[in-house]
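The sequence shown begins at 1110 in the numbering used here and counts up by one. Beta carbons: idealized from backbone N, C-alpha and C, even for Gly.
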Amino acid sequence: MQILVIGAGVIGVTSAWYLNQSGHQVTVIDSHQAPAMQTSFANAAMLSATMAAPWSAPGIPIKALHWLLQTNGPFKITSQAMRSRYFSWLLQFLNHCRQSKYLLNKQKLVKLGLLSLSELQALKTQLNIDYSDRHLGTLQLYSSRYKAQAMEKDIDLLHSLGVSANILSAGQCQQIEPGLSRCTRSFGAGLHYPQDATGNCRLFTQSLAQHAQQAGVKFIFNQSVNKIIEHNHCFKAVQTEQGEISADLCVIAAGCHTVNLLKPLYINLPICPIRGYSITLPLTVPDASNNPQSTILHEDTKIAITRIGNQVRVGGMAELAGYSQEINQKRFQLLEQTFKQLFPFTKVGSAHDHWFGFRPMTPDAIPRISNTKIKNLYLNSGHGSLGWTLAAGSARLLADLINQQPNRLNYQDYAL
Ligand SMILES: Cc1cc2nc3c(=O)[nH]c(=O)nc-3n(C[C@H](O)[C@H](O)[C@H](O)COP(=O)(O)OP(=O)(O)OC[C@H]3O[C@@H](n4cnc5c(N)ncnc54)[C@H](O)[C@@H]3O)c2cc1C
């Protein structure tokens, strides 16, 4: 079949690869000049398959109110966003904060995450892709042992899926991340997920796009899709500024913008753009033992510190502000300050790359890997804060769905 993939982020490129490998003629179209130029550009670099959890979680509504009252808290919401269509998204989000829904959603995410980890490993072995990956787990820091122990339902769920997750004392955390032993911001305990990994999402996406091109995938850059054209409820073509492109089947992997392409077709996919920030710092002494070794997620601020090669990426914050490009410089200062408090003896250069992006977030945190009511129009969208983590598994699931192959996951769990 001739398949058109809209979007060359990590989700579109992995989708294109798996579809190409199963014998289809694939074309990827993107409005930017290269792959991974939008949300996949400089995310927090966590491949946190086993730590994966929906943001819509019990206790989050209360915490969110508390964060909103802080001047530079991890969560912000503008009044403009409240007045707009995101209000109904927020109500759905609150509904998914119930314990029963949370655990169901978490299970779906972890299962997809585990599939993704094994697919990513297979891709690395097959193609020898270098994406500065490390396999040292994720360490989640809590202010007290009591708070870490409150995660017991999550830990039980993970153990039932055969996943390791261990509560550690502050001293044990420092053994895993020696740089924390000098930190000036105290913590009481940690939760360690040893199966998780880290890696550079942009590097991976751009390398995989090169392999895909060599394998016959065609990339069209600098062209926006304005409209999906259907006839008698069957996909026909896409309309771009430079004319129509027809295909047998189309996959929309346009991140946050998937919503805009679906709306004229009366397909409702609740994706809300949640803005986040990152800074990337060069390590002056890359071999120093007190440098961050893997990902450290500081629970109180929800800021993640990740080692990528000779750099450290610090990312976080959640702002519900539509697509506003107005950057809050204080966010970058907070990222830097938290890094310095946790790793005061890590030496970094003065050139810091600043970035912000929009997470394509569904209220339940579940991506939609699905067919639609339009025949031959498929989705691989809505990966929220976990798109890099879930990319390879999502692409495998999508390809199996299109090829009508069985998959160890349940297609219905990710359906529209
Ligand atoms: C601060 C921050 C930290 C994060 N940290 C992590 C992390 O540590 N681990 C993790 O797993 N995830 C993380 N994420 C989330 C992850 O980055 C995203 O889920 C992922 O990048 C989404 O990929 P995507 O391909 O769906 O979207 P994108 O990367 O945004 O790609 C969509 C592509 O579609 C194209 N497009 C859109 N509309 C059109 C159109 N009409 N025509 C043509 N092309 C179009 C765009 O140009 C773009 O290239 C983070 C996100 C943020 C913001």
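Any chance the stretch 1506-1521 sits against the stretch 1118-1127, with 3 or more Cβ pairs inside 8 Å?
In short, these stretches touch, since the Cβ pair count reaches three.
Between residue 1159 and residue 1312, is the Cβ-Cβ spacing less than 8 Å?
In this structure, residue 1159 lies away from residue 1312, with their beta-carbon atoms at least 8 Å apart.
Residue 1216 to residue 1441 span [Cα, whole Å]:
If you take the alpha carbons of residue 1216 and residue 1441, they lie about 33 Å apart.
Return the bridge partner residues of residue 1484 from the DSSP annotation.
DSSP output for residue 1484 lists 1343 as bridge partner(s).
Bridge partners of residue 1401, per DSSP?
For residue 1401, no pairing in a beta bridge is given by DSSP.
Among 1459, 1224, 1282, which residue has its Cα nearest to the Cα of residue 1403?
Of all alpha-carbon atoms in 1459, 1224, 1282, the one lying nearest the alpha-carbon of residue 1403 is that of 1282.
Option nearest residue 1181 by Cα separation, candidates 1439, 1491, 1473:
Of the candidates 1439, 1491, 1473, the one whose C-alpha sits nearest the C-alpha of residue 1181 is 1439.
Give the secondary structure of residue 1267 by DSSP, where H, G and I count as helix, E and B as strand, and everything else as coil.
Here residue 1267 sits in helix by DSSP.
Backbone secondary structure at residue 1123 - three-state DSSP:
In this structure, residue 1123 counts as helix in the three-state DSSP scheme.
Go through its chain and collect everything with a Cβ distance to residue 1302's Cβ below 6 Å, but skip five positions before and after it.
Answer for residue 1302: 1159, 1160, 1246, 1247, 1274, listed in chain order.
Measuring only from the beta carbon, is residue 1147 closer than 7 Å to any heavy atom that is part of ligand 1?
Yes, since a heavy atom of ligand 1 falls inside the 7 Å radius drawn around the Cβ of residue 1147.
Is residue 1473 near ligand 1, with its Cβ less than 7 Å from a heavy atom?
No, the Cβ of residue 1473 stays beyond 7 Å of every heavy atom of ligand 1.
Whole-angstrom distance between residue 1157 and residue 1306, CA atom to CA atom
Straight-line Cα distance between these residues: approximately 6 Å.
Please classify residue 1361: is it buried, with 16 or more other beta-carbons within 10 angstroms of its beta-carbon, or exposed?
Label assigned to residue 1361: buried.
Could you tell me if residue 1343 is buried or exposed, where buried requires 16 or more neighbouring beta carbons within 10 angstroms of its beta carbon?
By the neighbour-count definition (other C-beta atoms within 10 Å, threshold 16), residue 1343 is an exposed residue.
Quick check: what's the CA-CA separation for residue 1422 versus residue 1407?
So the alpha carbons of these two residues sit roughly 14 Å apart.
So residue 1468 packs on residue 1383, CB below 8 Å; how close in whole Å?
Under the criterion of beta carbons closer than 8 Å, residue 1468 and residue 1383 qualify as touching, at roughly 4 Å.
Less than 8 Å between the beta carbons of residue 1391 and residue 1286, yes or no?
The Cβ-Cβ distance between residue 1391 and residue 1286 does not fall below 8 Å.
Quick check: what's the CA-CA separation for residue 1475 versus residue 1396?
Each residue's Cα considered, the two are about 38 Å apart.
Within the chosen definition, does the stretch 1410-1428 reach the stretch 1366-1375 through at least 3 CB pairs nearer than 8 Å?
Contact check between the stretch 1410-1428 and the stretch 1366-1375: fewer than three CB pairs, one atom from each, fall below 8 Å, which does not count as touching.
Please confirm whether residue 1531 and residue 1425 have their CB atoms less than 8 Å apart.
Since the first residue shown for the chain is 1110 and the last is 1525, residue 1531 is missing from the structure and cannot be characterised.
Which of helix, strand or coil DSSP assigns to residue 1309
In the displayed model, residue 1309 falls within coil according to three-state DSSP, outside both helix and strand.
So is the beta-carbon of residue 1368 under 7 Å away from any non-hydrogen atom of ligand 1?
Every heavy atom of ligand 1 is 7 Å or more from the Cβ of residue 1368, so no.
May I ask you to check if the CB of residue 1183 is nearer than 7 Å to at least one heavy atom of ligand 1?
Flag unset: Cβ of residue 1183 not near ligand 1.
Hey, is residue 1139 close to ligand 1, as in C-beta under 7 Å from one of its heavy atoms?
Yes, the beta carbon of residue 1139 sits closer than 7 Å to at least one heavy atom of ligand 1.
Using CA atoms only, rank isn't needed, just tell me which of 1473, 1489, 1113, 1177 is closest to residue 1206.
When only C-alpha atoms are compared, the closest one is 1473.
First and last residue of the alpha helix (DSSP H) that includes residue 1526?
An answer regarding residue 1526 cannot be provided, because it is not within the stretch 1110 to 1525 covered by the chain.
Over the uninterrupted beta strand (DSSP E) stretch that includes residue 1301, give me the two end residues.
From DSSP, the beta strand (DSSP E) with residue 1301 extends over 1298-1302.
Specify the secondary structure class of residue 1350 as computed by DSSP and reduced to three states.
Correct three-state label for residue 1350: coil.
Is it the case that the CB of residue 1394 approaches a heavy atom of ligand 1 more closely than 7 Å?
Flag unset: Cβ of residue 1394 not near ligand 1.
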